[in-house]
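Taking it in order: structure first as structure tokens, then the write-up.
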Amino acid sequence: MSSKPNGTLASNSLVKLSERGQTRVFHLPNANPPSTGRFYDTERNPDGPVRANSAENGLMTDVLLKYIHDHFELTPYHLKYRNAFTYGYAPTLVEVMPRFLNRTLKPRIPITPQVTAVGPGIGGIFAQLIWHLCDPGDGVLMTTPFYRDYVRDIVYPARAVAVGVHIPPEVNPLSPAVVPFIRNEFEGRKSRGENTTAVILCNPHNPIAQAYPVETIQAYAALAEELNIHLIVDEVFANEVFGTRFSPNPTPFTSILSLDTSSVCNPARIHVLAGPTKDFGASGIKVGALVSQNNPDVVKAIGDSLMATPISSAADCIFTAILDDEEFCDSYLKENRIRLAKAFELLGEWCEFHGLPFVRAEAAVFALVDLAPIIGKSEDQALPIREQVASAERKIHEGGVHLVGKVSILYSNCV
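For the sequence shown, UniProt numbering gives the first residue as 1, with consecutive numbering after it.
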């Protein structure tokens, strides 16, 4: 009997995916929910939905694009395979990225190419790190609130478990007071026979938008040693701490690599994610790095795993030119902090005018704002809640404020 009814192949029900593939299709959350259409644009699509869920920074786009246009120059080496390129005679991020991180993170022990794995974006590197640290079902701890895409990269491809540690509202989530809550979650999982492999520290914090004090960083390191787990430190917003009239003396950024944690934690447990793309408002140019100064196995494993998906040579060329120009970098990062401060002050003044409570941002490109009063008083109350939110987002966007989602508002995307 033919398996081709009406001249076509039969159903693909007998063409099966692997167990991993089936789990991905049927059980794991959709990392990117479908859009309702093309996004808002002031000229091309003024009635479109506002893309309010992405921490992007357009405040310096004009400056960066001009620099790229003036300095982007491919060589024959950029057209070759990655290994031919990196062992050729053109400068690459393999050498330049550690120098940039040394200037900005100010580590106690200089960062070298030997302790750094450079890859196509911090998210991809983080996912590979979880895959190498965690077995399926292992837990990765992070205090609430947390950056939502951590869940995506923890779950896939490692099939680990993102474990949110609830911090009561009366507890400062950036203080050492969170440690008992993390410990209790770890012990609870252990009592249920559930393994936990790592804890995440995002500094500056996403979405609270403030840097951690030194005592909390030290407390996380000590806890990782106590629980015998890895400490993953995300320092992607390291160069975006600023003062405003709301917070004239922000908590300064301190990299864990600048501290002597060896008395409380085996340094082989500490892995730092860092890179320039958030600082330079260029999230679409996928560049990032993992620094693990005392765990060569981790660096080698991540480096080898990224060989199949290396940084594009064009992206490498762009950021090698940028990061190797110290004068431009310093000037750009300084001006970016000035513009971020002004943008947040605009948002803060808007919140004060409308009586909206907000957390005073001191870093990054977003702030936590309670938008319930806007949604509750909207003339669109008869609409479904999702449409009410979309309407509120559009109205705020038209006033120069950009929403991400108690709600994280993006105030730095001008495009």
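Ideal placement from N, C-alpha and C gives every residue a C-beta, glycine not left out.
Practice item. Please classify Ile285: does DSSP put it in a helix, a strand, or coil? Key: Against the sequence shown, residue 285 aligns to sequence position 285. Reduced to three states, the DSSP call for Ile285 is coil.
Point to revise | Identity of the residue in Pro145, Gly355, Thr320, Tyr77 nearest Asp370 by Cα | key: Residue 370 sits at position 370 when you count from the first residue of the sequence shown. It is Gly355.
Exercise for review: For Ile270, name the three-state secondary structure that DSSP assigns.
Suggested key: If you number the sequence shown from 1, residue 270 lands on position 270. In this structure, Ile270 counts as strand in the three-state DSSP scheme.
Check your understanding: Helix, strand or coil for residue 453 per DSSP?
Key -> Residue 453 lies beyond the stretch modelled for the chain, which goes from 1 to 415, so this question has no answer here.
Check your understanding: Which runs of the alpha helix (DSSP H) fall wholly inside the region 292-327 and span at least 4 residues, in chain order?
Key -> 296-305, 313-324
Exercise for review: Please state whether DSSP places Thr75 in a helix, a strand or coil.
Suggested key: As a first step, residue 75 must be located in the sequence shown, where it is residue number 75. Here Thr75 sits in coil by DSSP.
Practice item. Label Ile338 either buried or exposed according to how many other C-beta atoms from any shown protein chain fall within 10 Å of its C-beta, with 16 as the threshold for buried. Key: Here the question's residue 338 lines up with position 338 in the sequence shown. Counting Cβ neighbours within 10 Å, Ile338 comes out exposed, since fewer than 16 surround it.
Exercise for review: May I ask you to list the residues that DSSP assigns as paired with His132?
Suggested key: By 1-based counting over the sequence shown, the position of residue 132 is 132. Answer by DSSP bridge pairing: none, since His132 is not bridged.
Exercise for review: With distances taken Cα to Cα, identify the nearest neighbour of Val264 among Arg20, Glu226, Leu93, Phe280.
Suggested key: Against the sequence shown, residue 264 aligns to sequence position 264. Answer by Cα proximity: Glu226.
Review point. With DSSP run on the structure shown, which of helix, strand or coil describes Asp234?
Key: On the sequence shown, position 234 is the one that residue 234 refers to. In this structure, Asp234 counts as strand in the three-state DSSP scheme.
Check your understanding: Would you call the CB atoms of Leu59 and Ser412 closer than 8 Å?
Key -> Translated into positions along the sequence shown, residue 59 becomes position 59. Translated into positions along the sequence shown, residue 412 becomes position 412. Cβ distance < 8 Å, so Leu59 and Ser412 count as in contact.
Review point. Enumerated in chain order, which unbroken segments of the beta strand (DSSP E) with a length of 3 residues or greater are wholly contained in the region 100-145?
Key: If we require 3 residues or more, the beta strand (DSSP E) runs fully inside the region 100-145 come out as 116-119, 139-143.
Check your understanding: Closest by CA to Phe146, which one among Val155, Val165, Asp135, Leu133?
Key -> Numbered from its first residue, the sequence shown carries residue 146 at position 146. Closest in C-alpha terms to Phe146, from the list Val155, Val165, Asp135, Leu133, comes Val165.
Review point. Terminal residues of the continuous alpha helix (DSSP H) containing Gly21?
Key: Numbered from 1 along the sequence shown, position 21 holds the residue referred to as residue 21. Per DSSP, Gly21 belongs to the alpha helix (DSSP H) from 19-26.
Practice item. Mind the definition here: the region 190-207 touches the region 126-139 only if three or more C-beta pairs lie below 8 Å; say whether that holds. Key: yes
Point to revise | Simplified DSSP state of Ser255, which is helix, strand or coil | key: Your numbering for residue 255 matches position 255 in the sequence shown. Three-state DSSP puts Ser255 in coil, outside helix and strand.
Review point. Taking the continuous alpha helix (DSSP H) assigned at Ala364, which residues delimit it?
Key: Translated into positions along the sequence shown, residue 364 becomes position 364. It is not in any alpha helix (DSSP H) - Ala364 carries neither H nor E in the DSSP assignment.
Review point. Just to confirm, are Phe353 and Ile409 a CB contact at a threshold of 8 Å?
Key: Taking the first residue of the sequence shown as position 1, residue 353 is located at position 353. Taking the first residue of the sequence shown as position 1, residue 409 is located at position 409. Contact annotation: Phe353 and Ile409 have beta-carbon atoms that are not nearer than 8 Å.
Practice item. Can you give me the Cβ contacts of Gly121 inside the same chain, cut-off strictly under 6 Å, excluding the 5 residues immediately before and after it? Key: As a working note, residue 121 is residue 121 in the sequence shown. Closer than 6 Å at Cβ, skipping near neighbours: Lys286, Gly288.
Check your understanding: Are at least three pairs of beta-carbons, each pair with one atom in the region 214-233 and one in the region 254-269, less than 8 Å apart?
Key -> A contact exists between the region 214-233 and the region 254-269.
Review point. In terms of alpha-carbon separation, which member of Val155, Gly281, Asn294, Pro207 lies closest to Arg20?
Key: Mapped onto the sequence shown, residue 20 falls at position 20. Ranking Val155, Gly281, Asn294, Pro207 by Cα distance to Arg20 puts Val155 first.
Check your understanding: Should Val404 go down as buried or exposed, given a rule of 16 or more other Cβ atoms within 10 Å for buried?
Key -> In the sequence shown, the residue the question calls residue 404 occupies position 404. Any answer about Val404 is weak, because its pLDDT of 39 lies below 50 and its placement is not dependable; what the coordinates show is given next. Buried.
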